[in-house]
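Everything below concerns the one structure shown next.
Residue numbers (my numbering): 881 to 933.
Put into C-alpha cells, the structure is as follows:
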C-alpha cells in the first residue's frame with residue numbers, strides 16, 4: 881500500500897512535468913509549422929524542415 885502511494889505521487893509529479901513539456905513542444909511545433917507555411921506562401925520555396933526543441 882505504501883509503495884503504491886509513493887508510486888502514485890511520483891507518477892503524478894512526472895505526469896505534471898511531462899504534460900507541460902509536451903504542451904510547450906506541441907505549441908512550439910505548431911508555431912514553427914505556421915511560420916513555415918507563411919514562408920512557403922510568401923516565397924513559394926519550401927524551406928528545410930526543422931524542429932525547434
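For glycine and all other residues, C-beta sits at the position ideal for the given N, C-alpha and C.
Distance between residue j and residue i (C-alpha atoms, nearest Å)
| i | j | result |
| --- | --- | --- |
| residue 908 | residue 900 | 12 Å |
| residue 921 | residue 886 | 52 Å |
| residue 980 | residue 923 | Nothing can be reported for residue 980: it is not among the residues displayed for the chain, which extend from 881 to 933. |
| residue 912 | residue 892 | 30 Å |
| residue 903 | residue 918 | 23 Å |
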